[in-house]
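Below is one structure, written out as structure tokens; comments come after it.
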Amino acid sequence: MTVIEIVLGAITRQRVDAIVNAANSSLLDSSGVVDGQIHANGGPAIAEECRTLRATTLPNGLAEGAAVATTAGELSAKWVIHTVGPRYSRQEDRSEVLQSCYQRSLAVADQLGAETVAFPLLSPGMWPKHDAVTQAVAAVRAARTNVRVVKFVVAFPEVVDLLRRAVDLFSTLTPSVDARSTDSLPRERGDVPSSTPTDDGTEDDEDDPGLPPALMTLIHLDPGGYGLLTAHEVASVCGHDRDAVLDYLRITQVHEIKWRESAKTARGESDSKKGDARDYESRAWARTYESLRSALRVIALPDATRAAPAAAKQSPAS
Numbered sequence: 052m053t054v055i056e057i058v059l060g061a062i063t064r065q066r067v068d069a070i071v072n073a074a075n076s077s078l079l080d081s082s083g084v085v086d087g088q089i090h091a092n093g094g095p096a097i098a099e100e101c102r103t104l105r106a107t108t109l110p111n112g113l114a115e116g117a118a119v120a121t122t123a124g125e126l127s128a129k130w131v132i133h134t135v136g137p138r139y140s141r142q143e144d145r146s147e148v149l150q151s152c153y154q155r156s157l158a159v160a161d162q163l164g165a166e167t168v169a170f171p172l173l174s175p176g177m178w179p180k181h182d183a184v185t186q187a188v189a190a191v192r193a194a195r196t197n198v199r200v201v202k203f204v205v206a207f208p209e210v211v212d213l214l215r216r217a218v219d220l221f222s223t224l225t226p227s228v229d230a231r232s233t234d235s236l237p238r239e240r241g242d243v244p245s246s247t248p249t250d251d252g253t254e255d256d257e258d259d260p261g262l263p264p265a266l267m268t269l270i271h272l273d274p275g276g277y278g279l280l281t282a283h284e285v286a287s288v289c290g291h292d293r294d295a296v297l298d299y300l301r302i303t304q305v306h307e308i309k310w311r312e313s314a315k316t317a318r319g320e321s322d323s324k325k326g327d328a329r330d331y332e333s334r335a336w337a338r339t340y341e342s343l344r345s346a347l348r349v350i351a352l353p354d355a356t357r358a359a360p361a362a363a364k365q366s367p368a369s
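Residue numbering for the sequence shown follows the working numbering, beginning at 52 and increasing consecutively.
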């Protein structure tokens, strides 16, 4: 697996095989911060190769999400890989384009034989930083690449902290959350059994095998539904998939209602300990429900605030 390193500093000072440039689509306008630093420190050879690309293979410029390599000129790296990040939109999910910047840059690195690559945070100033960081780490973790080390090089300590959190999150996941097996996941939520009430009044002491893997992952990353993950992280675990999140909302609502009714039954049988445990589970599912609703807002689709309205009427925001 590719090792991810996080560096606070200047990308032009990194001793790597390839440096990724947050380029302008024209490849000729180096007014961006990272773009300007790379051209200023790399010398005229980089701009000369960019002009050659525009005159030959890229007459219309470099498309968003695409990547192309040039010499690194006077930099310590061998190559500069140029990629164009998309602008963020509240009306359209463009995360696939942003992830493509990282993955296609790594594909170019593989073609070059590069083993170490330094990335800036792409689409800076055009994308919410929490989500930009999550997209960056998700893309690298999902990439099939021979690159041995990826360095994320950023200029601000707060972005370093966000990157570390995202790396920690994805260290628990395989590249494809929806394809992961749940066999290696923990079997308990803290001190409370993870059993699910069944229709005949008995309990299944194993995790519900019918739960989607991404929802199982979310539950185990935030046992008890305490809101340990940001809305951006929840959205990423769910693959930024609106329809999947809506399905997960319905599932969490069903489980919340079952546990709440089971708690009432236990108290009716004068078993307060079991009633308290089942209340805990009901509240945990309710909080997971609210986390999923927050994730829908991050996905930024028009009806995010109206998701699963029938379930919302019954679900407490505890």
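Cβ coordinates follow ideal geometry from the N, Cα and C atoms, glycine included.
Over the uninterrupted beta strand (DSSP E) stretch that includes Ala169, give me the two end residues.
Thr167 to Phe170
Can the beta-carbon of Pro137 be found closer than 8 Å to that of Val119?
no
By the three-class DSSP mapping on this structure, what secondary structure does Phe221 have?
helix
With H, G and I counted as helix, E and B as strand and the rest as coil, what does DSSP make of Val58?
strand
Excluding the 5 residues flanking Thr281 on each side, which residues of the same chain have their C-beta closer than 7 Å to its C-beta?
His181
Run through DSSP, which three-state label would Ala118 get?
Under the three-state reduction of DSSP output, Ala118 falls in the strand class.
For Ile308 and Ser333, I'd like the C-alpha separation in whole angstroms.
7 Å
Mapping DSSP to helix, strand and coil, what is His90?
Correct three-state label for His90: helix.
If I follow the unbroken beta strand (DSSP E) through Trp130, where does it start and stop?
Trp130 to Thr134
Three-way DSSP call (helix, strand, coil) for Ile70 in this model:
Strand, per DSSP.
Does the count of Cβ pairs from the segment 336-350 and the segment 292-310 closer than 8 Å reach three?
yes
Where Val305 sits in the DSSP three-state scheme
helix
Leu126 and Gly93: beta carbons closer than 8 Å?
yes
Determine the contact status of Val201 and Ile55, defining contact as a CB-CB distance below 8 Å.
yes
Contact between the segment 311-321 and the segment 283-296 is defined here as three or more beta-carbon pairs at a separation below 8 Å; is this criterion met?
no
Bridge partners - Phe207, DSSP secondary structure assignment:
Partner(s): none; Phe207 has no beta bridge.
Quick check on this structure: which residue in Glu166, Gln150 and Met177 has the alpha carbon closest to the alpha carbon of Ala189?
Gln150
To the nearest angstrom, how far is it from the Cα of Ala117 to the Cα of Tyr153?
9 Å
Using DSSP with H/G/I as helix, E/B as strand and the rest coil, what is Val201?
Annotated three-state conformation of Val201 is strand, per DSSP.
Just to confirm, does His90 get its C-beta within under 7 Å of one of the non-hydrogen atoms of the ligand SAH?
Absence of the ligand SAH is noted for the structure shown, with no ligands found whatsoever.
Within this structure, are the beta carbons of Ala160 and Val198 separated by less than 8 Å?
yes
I need the straight-line Cα distance from Asp80 to Val285, nearest angstrom please.
37 Å
Less than 8 Å between the C-beta atoms of Leu214 and Val205, yes or no?
Cβ atoms of Leu214 and Val205: closer than 8 Å.
Assuming Ser174 and Ala183 form a contact by the criterion Cβ under 8 Å, report the distance between their Cβ atoms to the nearest whole angstrom.
The C-beta distance from Ser174 to Ala183 rounds to 6 Å, short enough to fall under 8 Å.
Cβ distance (whole Å) where Pro171 is taken to contact Val67 below 8 Å:
Rounded, the Cβ-Cβ distance is 12 Å, inconsistent with contact.
Suppose the cutoff is 6 Å on Cβ atoms and the five residues either side in sequence are ignored; what does the same chain contact list for Leu343 look like?
Val296, Tyr299 and Leu300
Residue range of the alpha helix (DSSP H) that includes Asp292
It is not in any alpha helix (DSSP H) - Asp292 carries neither H nor E in the DSSP assignment.
Compare the C-alpha of Arg64 against each of Ala128, Ala158 and Val210 and name the closest.
Taking only the C-alpha atoms, the option nearest Arg64 is Ala128.
Thr107, DSSP secondary structure in three states:
coil
Mapping DSSP to helix, strand and coil, what is Pro95?
When DSSP states are grouped into helix, strand and coil, Pro95 belongs to the helix group.
When DSSP labels each residue in this structure, what does Trp178 get in the three-state scheme?
coil
Between Asn72, Glu100, Glu99 and Ser77, which lies nearest to Gly87 when the distance is taken from Cα to Cα?
Just measuring C-alpha positions, the residue of Asn72, Glu100, Glu99 and Ser77 sitting nearest Gly87 is Asn72.
Distance, Cα to Cα, Asp212 vs Asp219?
11 Å
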